[in-house]
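Enquirer:
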Amino acid sequence: MPRTLIIAETAGAIVRKSTYSALGFGKHLGVPFDVLVIGAGVRAAADDLLPYGAATILVCDDATLAGSLCERVGPTVARLVAERNYDTVAVAASAFGKDLAPRVAAKLGAGYAPDVNRVEISGSSRRYRRSMYSGSVFGWLEIVTERHVVSVRQSEFAAPEATSSPANVEIVALAPPDTSAQRIEWIETQHKKSERPDLAEARVVVAGGRALKEQFGAMLDPLADALGAAVGASRAACDAGYAPSELQVGQTGRTVAPDLYFAIGISGAIQHVVGMKASKFIVAINKDAEAPIFQIADFGLVQDLFLAVPELTRELKARAQE
Numbered sequence: 001m002p003r004t005l006i007i008a009e010t011a012g013a014i015v016r017k018s019t020y021s022a023l024g025f026g027k028h029l030g031v032p033f034d035v036l037v038i039g040a041g042v043r044a045a046a047d048d049l050l051p052y053g054a055a056t057i058l059v060c061d062d063a064t065l066a067g068s069l070c071e072r073v074g075p076t077v078a079r080l081v082a083e084r085n086y087d088t089v090a091v092a093a094s095a096f097g098k099d100l101a102p103r104v105a106a107k108l109g110a111g112y113a114p115d116v117n118r119v120e121i122s123g124s125s126r127r128y129r130r131s132m133y134s135g136s137v138f139g140w141l142e143i144v145t146e147r148h149v150v151s152v153r154q155s156e157f158a159a160p161e162a163t164s165s166p167a168n169v170e171i172v173a174l175a176p177p178d179t180s181a182q183r184i185e186w187i188e189t190q191h192k193k194s195e196r197p198d199l200a201e202a203r204v205v206v207a208g209g210r211a212l213k214e215q216f217g218a219m220l221d222p223l224a225d226a227l228g229a230a231v232g233a234s235r236a237a238c239d240a241g242y243a244p245s246e247l248q249v250g251q252t253g254r255t256v257a258p259d260l261y262f263a264i265g266i267s268g269a270i271q272h273v274v275g276m277k278a279s280k281f282i283v284a285i286n287k288d289a290e291a292p293i294f295q296i297a298d299f300g301l302v303q304d305l306f307l308a309v310p311e312l313t314r315e316l317k318a319r320a321q322e
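Anchor point for the sequence shown: position 313 equals 313 in the numbering used here, and the numbering is continuous, going up by one each time.
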């Protein structure tokens, strides 16, 4: 019987938001799936995944996995797939997933479908869809090997609903590392301290473009504070030095899918849109009525952003005090 293994992405005891898209993909396949939670200090994270439809939560908690180096994670994934005869391995198409998935595919001799945003099932065959050419077209992939390895585009598959039948938990051992792991050492993970939520995890994102110029922070920070939002930026704003590169949203930046996305002074180039079009609601503010961003926005305001943003911020703060 076909079975799927979902690889969870965690930050210690916290389950990354992207993992729930991978769970949604597993549920969509319509076959039983297990979840592997692997890393250092991840046992508590496994508990958060119990009610989401998995048959079993496999836990590999090992201090030597600090930093989640895929050279150390990959052998355990490949061993479990071979021992338990999973026919599909899925992980979110994050930096972690894009590093891990091709390594696992190579170990298993399996075909790899990257950055998938849809799957079409016909009997025992499947086709996977992914965006190509900066999101301007879609291509369909068909894997002909016995096993499939898939990285799932974040937030393209809705998280499964919690059930009243929690999964079983099973502890699994870490497989011996590859020889390549001996040449790689995790030193530390550096996090930039911020009171705002992480860009990829935030429910609300306020993003700005190059039109904000030197007033990028002065315009967006108060609005983000009023909304409890993360701040994002277009590539043009980052390249111009108005925003740091870690805030970039788009094809060569972060992929986000918040409940609410503000695109302020962003024209809507396809390279940016591909990184945020999965947002539930998109609000665009731009003085150019012909800007492409309005084609995908749920709400649009044609206005000078230097007038609209301060007014919006004042109104939000006033309502918060009522």
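The beta-carbon is built from N, C-alpha and C at its ideal position, and this holds for glycine as well.
Could you tell me whether the region 144-163 touches the region 86-94, using the rule of 3 or more Cβ pairs below 8 Å?
Expert: Yes: at least three Cβ pairs fall under 8 Å.
Enquirer: Tell me whether the beta-carbon of A167 lies closer than 8 Å to the beta-carbon of I38.
Expert: Translated into the one-based positions of the sequence shown, residue 167 becomes position 167. Translated into the one-based positions of the sequence shown, residue 38 becomes position 38. No, Cβ-Cβ distance for A167 and I38 is not below 8 Å.
Enquirer: Throw me the rounded Cβ distance for the I282 and G208 pair, which I believe falls under 8 Å.
Expert: Residue mapping note: residue 282 aligns to position 282 of the sequence shown, counting from 1. Residue mapping note: residue 208 aligns to position 208 of the sequence shown, counting from 1. No, I282 and G208 are not in contact; Cβ-Cβ is about 14 Å, not under 8 Å.
Enquirer: Report the residue ranges of all beta strand (DSSP E) runs contained in full by the region 213-258; include only those spanning at least 3 residues, in chain order.
Expert: Those beta strand (DSSP E) runs which fall completely within the region 213-258 and span 3+ residues are 230-233.
Enquirer: Taking the runs of the alpha helix (DSSP H) that are 4 residues or longer, which of them lie wholly in the region 88-142?
Expert: DSSP runs (the alpha helix (DSSP H)) wholly in the region 88-142: 95-108.
Enquirer: Taking just the CA atoms, how far does A44 sit from K280?
Expert: Your numbering for residue 280 matches position 280 in the sequence shown. Your numbering for residue 44 matches position 44 in the sequence shown. Taking the straight line joining both Cα atoms gives about 29 Å.
Enquirer: With distances taken between CB atoms, is the gap from T163 to G30 smaller than 8 Å?
Expert: Mapped onto the sequence shown, residue 163 falls at position 163. Mapped onto the sequence shown, residue 30 falls at position 30. Going by C-beta atoms, T163 is not nearer than 8 Å to G30.
Enquirer: Which first and last residues belong to the beta strand (DSSP E) in which L260 is found?
Expert: The residue you call residue 260 lines up with position 260 of the sequence shown. Start and end: L260 to I264.
Enquirer: When you compare the CB positions of I285 and Q271, do they come within less than 8 Å of one another, or not?
Expert: Along the sequence shown, one-based indexing puts residue 285 at 285. Along the sequence shown, one-based indexing puts residue 271 at 271. No, Cβ-Cβ distance for I285 and Q271 is not below 8 Å.
Enquirer: Check whether the Cβ atoms of F25 and F138 lie closer than 8 Å to each other.
Expert: Position 25 of the sequence shown holds residue 25. Position 138 of the sequence shown holds residue 138. For F25 and F138, no; Cβs fall outside 8 Å.
Enquirer: Would you mind listing the alpha helix (DSSP H) stretches within the region 15-47 that are 4+ residues and don't spill past its ends, in chain order?
Expert: Entirely contained in the region 15-47, the alpha helix (DSSP H) runs reaching 4 residues are, in chain order, 18-29.
Enquirer: Here's a check: name, in chain order, each residue in its chain whose Cβ is nearer than 6 Å to the Cβ of G268, leaving out the five neighbours to either side.
Expert: Sequence index remark: in the sequence shown, residue 268 carries index 268 (1-based). Excluding residues within five positions, the ones whose Cβ falls inside 6 Å are A291, P292 and I293.
Enquirer: So, do the region 115-131 and the region 70-80 have three or more beta carbon pairs nearer to each other than 8 Å?
Expert: At 8 Å Cβ cutoff, the stretches do not touch.
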